[in-house]
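Chains as they are written, first to last, in numbering that gives the first Met the number 0: chain U, 0 to 119; chain Y, 0 to 179. Every residue gets a Cβ at the ideal spot worked out from N, C-alpha and C, and that includes glycine. Note that this is a predicted model, so its numbers are computed, not measured.
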Amino acid sequence: MTRGDLLAVAVAGALVGTLYARYWQPSIAADSFEVRSGGERLGRYSLTSNQLLTVNGRIGEAVLEVKDGRVRFRSAPCRNQVCVHSGWLAHSGDVAACLPSRISIRLLGDSRNALDGLSY
Amino acid sequence: MISREDRLIAGYAALAIVIHVLEAGFPSPVPGVKPGLANAVTLIVLLRHGWRMALWVAGLRVLAGSLLIGSFLAPGFWLSLAGATASIAALGLGWTWNRYLRWLPMSALGLSVIAALSHMAGQFAVAYSVFVPHPGLLHLLPPLMTAALAFGVVTGAVANGILRRLERLSAPPDGPILGP
């Protein structure tokens, strides 16, 4: 193996590594999200407008924060705050839920870009 | 008039076509992933006879190989053609590199790696822009390129091994030619 080979393999390895960093993650960004409370669909909201939403759940109010194409539970009435700790969600298919107050959000992507499956 | 060069091209191309057809018989877990051992022949021709002959051998392999497999002008053929075009172009660059940067030469191994990655990139570019223009396809790119890198190293090592043996066979000006 010559030094030139080492250089070629190193550059190729770096390129592949860059590709993983760039593409090996969900890249289909969500553009809206759906809010449910107690099994009932409250509505679909866009991720493009920054806003705070207050949602009434079974045990109190939860506040959703929409900012820069992402959404999170800013506060929730429950005790263990699992939904708040889910953090910011931005990808199509992501979900977060506050089970005690029965509030959930689900992110929706561009349906033209979403495939059910791929076969060759 | 058939020159000595023509006969060499025909012989090497025939070898490459056999490997190409044998490889096509193996099932592949992911479309587009193939060991690409036929490229070892291209590399050997490149290093022993230059880029122009390598271009002929690679071109003939893609054309005749696809006719034999029955994929001529089918989607797989265009992918194969795009890959072969990209990889032979990369080999041309590598060849030029070796000529002008003699202090940092690449053996068949380095050349094979850049050819394999270019092959995959060319294939992928056609697949993505023509056949499946869906962003989800981009998720396949990193693992495909990883496979290309791994198989590129393997093919290059194989080509290096064969080249060493060929040199040993053709080096002694006289005396009996012995096996390895």
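Own chain partners of residue i with C-beta closer than 8 Å, once the 5 adjacent residues on each side are dropped
i, result
"Ile161 (chain Y)", "Ala39, Ile43"
"Ala11 (chain U)", "none"
"Ser79 (chain Y)", "Val61, Gly64, Ser65, Ser70, Gln122"
Beta-carbon proximity list for residue i, same chain, < 7 Å, skipping 5 on both sides
i, result
"Asp4 (chain U)", "none"
"Leu36 (chain Y)", "Ile18, Glu22, Thr154, Val157"
"Arg40 (chain U)", "Glu33"
"Gly42 (chain U)", "Val34"
Simplified DSSP state of residue i, which is helix, strand or coil
i, result
"Phe32 (chain U)", "strand"
"Cys97 (chain U)", "strand"
"Asn79 (chain U)", "coil"
"Phe71 (chain Y)", "coil"
"His19 (chain Y)", "helix"
"Phe25 (chain Y)", "coil"
"Gly86 (chain U)", "coil"
"Thr53 (chain U)", "strand"
"Ile8 (chain Y)", "helix"
"Val157 (chain Y)", "helix"
"Val62 (chain U)", "strand"
"Val70 (chain U)", "strand"
"Ser169 (chain Y)", "helix"
"Gly92 (chain U)", "coil"
"Leu46 (chain U)", "coil"
"Leu106 (chain U)", "strand"
"Leu36 (chain Y)", "coil"
Residue i classed as buried or exposed, judged by whether at least 16 other C-beta atoms fall within 10 angstroms
i, result
"Gly151 (chain Y)", "buried"
"Ser2 (chain Y)", "exposed"
"Pro26 (chain Y)", "exposed"
"Leu177 (chain Y)", "Reliability fails at Leu177 (chain Y), whose pLDDT of 48 lies under 50, so the model's placement of it is uncertain and no value is given."
"Met119 (chain Y)", "buried"
"Val157 (chain Y)", "buried"
"Ser111 (chain Y)", "buried"
"Arg105 (chain U)", "buried"
"Asn79 (chain U)", "exposed"
"Leu54 (chain Y)", "buried"
"Phe32 (chain U)", "buried"
"Met0 (chain Y)", "exposed"
"Gly109 (chain Y)", "buried"
"Leu51 (chain U)", "exposed"
"Ser169 (chain Y)", "exposed"
"Leu88 (chain U)", "buried"
"Pro132 (chain Y)", "exposed"
"Arg164 (chain Y)", "exposed"
"Arg69 (chain U)", "buried"
Same chain, Cβ closer than 6 Å to residue i, neighbours up to 5 away in sequence not counted
i, result
"Leu66 (chain Y)", "none"
"Leu59 (chain Y)", "Ala12"
"Leu14 (chain U)", "none"
"Gly82 (chain Y)", "His118, Gly121, Gln122"
"Ser103 (chain U)", "Arg35, Ala96"
"Leu139 (chain Y)", "none"
Listed by chain order, chain B residues near residue i by CB distance under 9 Å
i, result
"Leu107 (chain U)", "Any reference to chain B falls outside this structure, whose protein chains are U and Y."
Against chain U: residues of the stretch 114–144 of chain Y by CB proximity under 7 Å: Leu116, His133, Pro134, Gly135, Leu137, His138, Leu140, Pro141, Met144
Positions along the stretch 92–114 of chain Y whose CB lies within less than 7 Å of some CB in chain U: Leu103, Pro104, Met105, Ser106, Leu108, Gly109, Val112, Ile113
Positions along the stretch 143–159 of chain Y whose CB lies within less than 8 Å of some CB in chain U: Met144, Thr145, Leu148, Gly151, Val152, Gly155
Residues from the stretch 2–14 of chain U in contact with chain Y, defined by Cβ distance under 9 Å: Arg2, Gly3, Asp4, Leu5, Leu6, Ala7, Val8, Val10, Ala11, Gly12, Leu14
Sequence ranges, alpha helix (DSSP H) only - wholly within the stretch 57–142 of chain Y, length at least 4: 74–99, 107–125
Near-chain Y residues of the stretch 31–57 of chain U - C-beta to any C-beta below 8 Å: none
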